[in-house]
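One structure is given below, encoded as structure tokens.
Numbering (this note's numbering), first residue to last: 56 to 457.
Here it is in structure tokens:
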């Protein structure tokens, strides 16, 4: 009887916490979902994928995943990762016809294009979790303080998981952000956090919107959503196409491999630059997270030119070595003749001028090859300003000519 009372009390306490703590956000109610009744993705009050996706694992698969989480070594770096430090003045507008990219780790990317700044999936807090026990960020310094992020024309969110939609980051940059573009239902979270409704655009797949001079198009992804035990798939997930006079780019968000990449490539390709999820994968959930080799194939399906791997280098959310995603992407890209950009966290680069080629290691690991040298002088001010320890063993990213 006492045990049952404890279970009931913990359940009530947990549900109360989820309903009152701001970081959980606020998903649409059944009545509010009627706003999206015209969406082909909404079925019986939940959003669905184009193809049937198993959202539960077999017991044997779960057992293997738990074993891997315990036994696979090097899932997190032993020492801090090197970082390129930036100030707002570093984010100068690139020349017309060029664009600049800064990867902040995991899936957070700043794009500067045609005089505009777009920030994707900015989860820049110390944890990707609503509670302090889970989702700790890899040991590294923040490339830029949240209060020094430059004014933003748009923030784009792919879905509402904590490693992509972060309460602390969103509230910190809200006053410096002109507009938020999100999938259907995700606007509820932002409104709960004080973002004015007129600053939010919710998009269904294939919807087109944008800011002056730049088209922002929501495109399919194969994933799922939710921020608590009670709100699974009550908001949509998406990928994005960015189209301007200078370039056409693709941001994958999260998702497994399927034929939607071919559809997007046929409709909007070719792409000058793709940002492709390649980490936090596992055999038990490959339908909702692409393997690195699948990420490269998706890039090819999109008819992409340069690929930058994302969704790695920030958090340990799956049982694989922390640097394995970049290694497997590098090998698959070499096999298929795909040009890749592998920047150091916080490194700003202009793809039209040079591509970064960082060999992932911590600041305490020595260089292991002659190719792992300092950044070429003048090609990237962020790389030149990257902090290095006194023994000068911290790698800076190699910049290779296009």
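C-beta: ideal position from N, C-alpha, C; glycine also.
Cβ shell of residue i (< 8 angstroms), same chain only, five flanking positions each side left out
{"i": "residue 119", "result": "338, 339"}
{"i": "residue 289", "result": "82, 83, 88, 100, 101, 102, 240, 280, 281"}
{"i": "residue 221", "result": "177, 178, 179, 180, 183"}
{"i": "residue 219", "result": "162, 176, 178, 212, 213, 308, 309"}
{"i": "residue 117", "result": "339"}
For residue i, the three-state DSSP class (helix, strand or coil)
{"i": "residue 436", "result": "With a pLDDT of only 35 at residue 436, under the threshold of 50, the placement of this residue in the model should not be trusted, and no figure is reported."}
{"i": "residue 466", "result": "Because the chain in this structure spans residues 56 to 457, residue 466 falls outside the shown range and cannot be described."}
{"i": "residue 330", "result": "strand"}
{"i": "residue 148", "result": "coil"}
{"i": "residue 390", "result": "helix"}
{"i": "residue 397", "result": "strand"}
{"i": "residue 223", "result": "helix"}
{"i": "residue 430", "result": "A caution first: residue 430 carries a pLDDT of 37, below 50, which makes its placement in the model too unreliable to give a value."}
{"i": "residue 360", "result": "strand"}
{"i": "residue 405", "result": "coil"}
{"i": "residue 140", "result": "coil"}
{"i": "residue 412", "result": "strand"}
{"i": "residue 384", "result": "helix"}
{"i": "residue 318", "result": "helix"}
Reference residue i; option with closest CA among the options
{"i": "residue 325", "options": "361, 292, 346", "result": "361"}
{"i": "residue 303", "options": "309, 320, 313", "result": "320"}
{"i": "residue 160", "options": "262, 349, 194, 227", "result": "194"}
{"i": "residue 109", "options": "196, 278, 346, 237", "result": "278"}
{"i": "residue 137", "options": "158, 117, 148", "result": "158"}
{"i": "residue 330", "options": "318, 314, 342, 352", "result": "352"}
{"i": "residue 174", "options": "196, 231, 191", "result": "231"}
{"i": "residue 403", "options": "189, 165, 246, 364", "result": "165"}
{"i": "residue 393", "options": "358, 135, 253", "result": "358"}
{"i": "residue 107", "options": "314, 419, 79, 368", "result": "314"}
{"i": "residue 483", "options": "269, 383, 187", "result": "Lying before the first or after the last residue shown, residue 483 is absent from the chain, which here runs from 56 to 457."}
{"i": "residue 333", "options": "284, 317, 318, 385", "result": "385"}
{"i": "residue 370", "options": "266, 217, 98", "result": "217"}
{"i": "residue 297", "options": "310, 262, 283", "result": "262"}
{"i": "residue 367", "options": "396, 335, 341, 188", "result": "335"}
{"i": "residue 186", "options": "76, 328, 308", "result": "76"}
{"i": "residue 341", "options": "363, 316, 309, 328", "result": "309"}
{"i": "residue 233", "options": "252, 244, 215", "result": "252"}
{"i": "residue 104", "options": "188, 343, 398", "result": "343"}
Cut-off 7 angstroms between Cβ atoms - residues of its own chain near residue i, not counting five sequence neighbours on either side
{"i": "residue 260", "result": "96, 273, 274, 275, 293"}
{"i": "residue 374", "result": "120, 123, 124, 127, 130, 337"}
{"i": "residue 224", "result": "177, 178, 179, 180, 201"}
{"i": "residue 167", "result": "146, 148, 149, 154, 155"}
{"i": "residue 312", "result": "345, 349, 352, 353"}
{"i": "residue 132", "result": "193, 194, 377, 417"}
{"i": "residue 387", "result": "347, 348, 351"}
{"i": "residue 391", "result": "351, 355"}
Supposed contact pair residue j and residue i - C-beta distance, whole angstroms, cut 8 angstroms
{"i": "residue 301", "j": "residue 151", "result": "7 angstroms"}
{"i": "residue 227", "j": "residue 249", "result": "About 12 angstroms separates the two Cβ atoms, so there is no contact after all."}
{"i": "residue 162", "j": "residue 365", "result": "5 angstroms"}
{"i": "residue 139", "j": "residue 400", "result": "7 angstroms"}
{"i": "residue 80", "j": "residue 247", "result": "5 angstroms"}
Contact set for residue i: own chain, Cβ-Cβ below 6 angstroms, skip 5 residues either direction
{"i": "residue 153", "result": "405, 407"}
{"i": "residue 423", "result": "The pLDDT assigned to residue 423 is 47, lower than 50, so where the model puts this residue is not dependable, and the model offers no usable value."}
{"i": "residue 376", "result": "129"}
{"i": "residue 170", "result": "148"}
{"i": "residue 415", "result": "378, 381"}
{"i": "residue 287", "result": "281"}
{"i": "residue 199", "result": "141"}
{"i": "residue 389", "result": "none"}
{"i": "residue 257", "result": "237, 239, 242"}
{"i": "residue 191", "result": "182"}
{"i": "residue 323", "result": "296"}
Can you list the beta strand (DSSP E) stretches of 3 or more residues lying completely in the stretch 230-304, in chain order?
-> 235-238, 255-258, 263-266, 269-274, 294-299
Kindly provide the ranges of any alpha helix (DSSP H) runs that are 4 or more residues long and lie completely inside the stretch 154-193, ordered along the chain.
-> none
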